[in-house]
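Enquirer: Right, I'll just put the structure down here and ask away after.
Residue numbers (this note's numbering), protein chains in the order written: chain B, 0 to 233; chain G, 25 to 170.
Dropping the structure here:
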């Protein structure tokens with residue numbers, strides 16, 4: 000004869016249900032907390048790694064840049080003369096006047112807004128192979144409008160190389176107010192005297208209804224600033 | 025499953041969950057410190073860039089401390105809320121730089137020391153310390169010579 004198994008009592012079932020409910024509630028709470036923590040971790044990791052990359056990129060450019068030629072909140076033009084400091088610093092060498100487009104002397108940095116409203120930091124450089132030899136020279140001027148027009152002309156004729164440096168950026172918070180857009184910062188608007196360049200932007204992540212932000216301000220001095228003689232004359 | 029087995033399972037689950045939470049908390053805390061140090065580095069670099077970019081004659085020796093939450097940009101704007109837990113100390117001292125491999129070579133200039141700090145458990149903690157030297161260039165020396 001088979002032994003008959005005793006069924007669960009009501010008390011046992013109630014306790015089992017309570018324990019299961021408590022464990023389930025704990026697991027759900029932990030999963031929620033861990034998910035939220037991972038979102039924060041993602042934002043922080045991204046901010047740390049990408050800001051280090053950006054800082055290093057801007058630092059390298061500021062090391063090579065002798066002057067800023069045009070400054071606006073969303074676009075700056077850095078001049079990296081191909082001649083040596085000794086040649087360009089004399090103040091009398093015509094080589095410092097001539098800017099060779101095919102020698103990688105001009106670098107535009109631009110904050111560009113994408114269709115999803117996020118911002119991308121782009122570096123534009125001249126495609127040497129796309130520039131006709133008889134149009135490869137421009138001459139120094141402190142007129143920012145000239146450089147803006149040159150940028151538009153080169154970009155529209157596809158003579159510029161577009162290199163995204165950082166994407167998914169957002170407008171920074173400045174003095175307690177969220178700005179309209181990421182922006183470049185500099186020491187003075189006078190390009191002839193400006194000796195630094197930097198950027199303000201933010202990394203943003205959405206966690207449920209909460210918006211997580213990490214605002215950044217990167218700034219770097221032009222290590223080998225070289226004032227053009229025309230600036231001194233003016 | 026007996027009640028005892030059920031209770032043991034619950035204890036094991038609770039311990040596992042606690043370990044998971046502690047691990048995540050530890051990671052978060054370490055990452056928060058890493059982000060603070062990254063931000064502190066940018067705040068210090070910003071101050072150094074400000075002094076390196078100034079005219080030599082516009083640099084003045086001094087010891088200035090911006091309190092926690094009071095870090096300003098060179099234009100006088102406040103840094104964003106991400107920097108609210110940090111303060112910054114800037115020490116500028118004039119002095120000559122000597123180069124061991126070049127006896128007799130003396131470069132006049134200013135040493136720029138920037139320290140960014142915060143407080144943790146009531147104690148001040150240095151997050152980043154940067155030191156740079158702003159030399160007086162030949163052109164700047166010539167400008168001073170009558």
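C-beta: ideal position from N, C-alpha, C; glycine also.
#1: Quick test of your reading: residue 222 of chain B and residue 61 of chain B, contact by CB under 8 angstroms. State the CB separation rounded to the nearest angstrom.
#2: Of all Cβ atoms in chain G, is any one closer than 8 angstroms to the Cβ of residue 16 of chain B?
#3: May I ask you to report which of helix, strand or coil DSSP gives residue 179 of chain B?
#4: Report the residues of the segment 102-121 of chain G with a CB closer than 7 angstroms to any CB of chain B, ordered along the chain.
#5: The alpha helix (DSSP H) that contains residue 67 of chain B, what's its start and end?
#6: Among G:105, G:38, G:112 and G:88, which has the Cα closest to the Cα of residue 69 of chain G?
#7: Just the Cα atoms here: how many angstroms apart are residue 67 of chain G and residue 51 of chain G?
#8: Out of B:149, B:170, B:72 and B:71, point me to the one whose CA is closest to residue 117 of chain B's CA.
#9: Mind pulling the beta strand (DSSP E) runs of 3 or more residues that sit fully within the segment 31-58 of chain G?
#10: Can you list, in chain order, the residues of its chain with a C-beta nearer than 6 angstroms to that of residue 126 of chain B? Leave out the 5 residues immediately preceding and following it.
#11: Can you tell me whether residue 131 of chain B is buried or exposed, with buried defined as 16 or more other CB within 10 angstroms of its CB?
#12: Around the Cβ of residue 193 of chain B, are there at least 16 other Cβ atoms within 10 angstroms (buried) or fewer (exposed)?
#13: Nearest chain G C-beta to residue 76 of chain B closer than 8 angstroms, yes or no?
#14: I want to verify the contact list: residues of chain G whose CB lies under 8 angstroms from the CB of residue 25 of chain B, in sequence order.
#15: Answer with yes or no whether the minimum CB distance from residue 139 of chain G to chain B is below 8 angstroms.
#16: Can you pull the chain B neighbours of residue 34 of chain G, defined as C-beta to C-beta under 7 angstroms?
#17: For residue 214 of chain B, which residues in chain G fall below 7 angstroms Cβ to Cβ?
#18: Could you say which of G:42, G:37, G:110 and G:29 lies nearest to residue 14 of chain B if we only look at CA atoms?
#19: How many Å lie between residue 219 of chain B and residue 20 of chain B at the Cα?
Expert: To lay it out plainly:
#1: Right, the Cβ-Cβ distance comes to about 6 angstroms (below 8 angstroms), so this counts as a contact.
#2: No, because no Cβ of chain G sits closer than 8 angstroms to the Cβ of residue 16 of chain B.
#3: Coil, per DSSP.
#4: Answer in chain order: 102, 103, 104, 105 and 106.
#5: Segment 66-71 is the beta strand (DSSP E) holding residue 67 of chain B; no alpha helix (DSSP H) there.
#6: When each option's Cα is compared against that of residue 69 of chain G, the closest is G:112.
#7: So the alpha carbons of these two residues sit roughly 24 angstroms apart.
#8: Among B:149, B:170, B:72 and B:71, the Cα nearest to that of residue 117 of chain B belongs to B:170.
#9: As far as the segment 31-58 of chain G is concerned, it has no whole beta strand (DSSP E) run of at least 3 residues.
#10: For residue 126 of chain B, same chain residues with a beta-carbon under 6 angstroms away, outside a window of 5 residues either side, are 158 and 160 in chain order.
#11: With a threshold of 16 other beta carbon atoms within 10 Å, residue 131 of chain B falls short and is exposed.
#12: Residue 193 of chain B comes out buried.
#13: For residue 76 of chain B, the answer is no, since every Cβ of chain G falls outside 8 angstroms of its Cβ.
#14: Within 8 angstroms Cβ-Cβ: 37, 38 and 41.
#15: Interface criterion not met: the Cβ of residue 139 of chain G is under 8 angstroms from no Cβ in chain B.
#16: By Cβ distance, chain B contributes 18 and 22.
#17: Ordered by position in chain G, the residues that pass the 7 angstroms Cβ test against residue 214 of chain B are 104, 105 and 106.
#18: Selected option, being the one with the closest Cα: G:29.
#19: Straight-line Cα distance between these residues: approximately 57 angstroms.
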